[in-house]
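Okay, so here's the structure we're looking at.
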Amino acid sequence: MDNGTRIRFFRRQIPAFACLPGCHDCCGPVLASTDELARLPPASAERHAAAIEHWDCVHLGEQGCSVYDERPLVCRLFGTTPRLPCPHGRGPALMIAPEMDAKIARFFRQTRHVLV
């Protein structure tokens, strides 16, 4: 199975939940696989520098995440696993299954990731 197929599979396993309106506390610089990064629009070196300076994600806009539908797995995991808790206590009724969380963690360890 290629990484793109794995990523699509993992996305379907991560439960969704409603964030606190207007909150972007978990939208800092993140690592994404090169497969995920290829699906995101490029950002200029200046935009990257400004995001890092403010400890933001390069894709965080005035209205929130500008790449929400294509956001990396790590962004989707925030609040759905005890490893990445929401700073405001938000989360789905049922957290991600521990065995699926472990599979995603293994994918992270085995796959090259770069700073978004």
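Residue numbering for the sequence shown follows the working numbering, starting at 1061 and increasing by one per position.
Cβ coordinates follow ideal geometry from the N, Cα and C atoms, glycine included.
Just so we're clear, the structure is a prediction, and the values are computed from it rather than from any experiment.
Reference residue i; option with closest CA among the options
| i | options | result |
| --- | --- | --- |
| P1081 | N1063, Q1123 and F1138 | Q1123 |
| A1073 | L1175, R1172, T1140 and V1174 | What sits at residue 1073 in the sequence shown is Gln, not Ala. Closest by alpha carbon: T1140. |
| R1166 | R1099, L1154, L1133 and V1176 | L1133 |
| I1067 | R1107, I1164, C1086 and L1100 | I1164 |
| G1151 | G1064, C1079, N1063 and F1070 | C1079 |
| R1131 | A1105, L1091 and M1061 | L1091 |
| R1107 | F1168, G1121 and L1097 | G1121 |
| L1097 | A1110, N1063 and D1161 | N1063 |
| P1075 | R1169, P1142, R1136 and T1171 | R1136 |
Alpha-carbon spacing of residue i relative to residue j, whole angstroms
| i | j | result |
| --- | --- | --- |
| F1077 | S1126 | 18 Å |
| E1159 | L1144 | 16 Å |
| C1083 | T1065 | 30 Å |
| R1071 | A1162 | 14 Å |
| A1157 | P1142 | 11 Å |
Beta-ladder partner(s) of residue i, from DSSP
| i | result |
| --- | --- |
| A1092 | V1174 |
| C1135 | DSSP, once it has assigned bridges, lists no residue as partnering C1135. |
| C1125 | L1120 |
Three-way DSSP call (helix, strand, coil) for residue i in this model
| i | result |
| --- | --- |
| L1097 | helix |
| G1064 | helix |
| H1108 | helix |
| F1070 | helix |
| I1164 | helix |
| P1158 | helix |
| R1150 | coil |
Rounded distance between the beta-carbons of residue j and residue i, thought under 8 Å
| i | j | result |
| --- | --- | --- |
| H1148 | S1093 | Not a contact, Cβ separation roughly 27 Å. |
| L1154 | P1089 | With 8 Å as the limit, L1154 and P1089 do not qualify as a contact, their Cβ atoms being about 29 Å apart. |
| D1116 | C1087 | 6 Å |
| H1119 | L1100 | 7 Å |
Below-8 Å beta-carbon distance, residue i vs any chain D residue
| i | result |
| --- | --- |
| S1093 | Given the protein chain composition of this structure (a single chain), no chain D is represented. |
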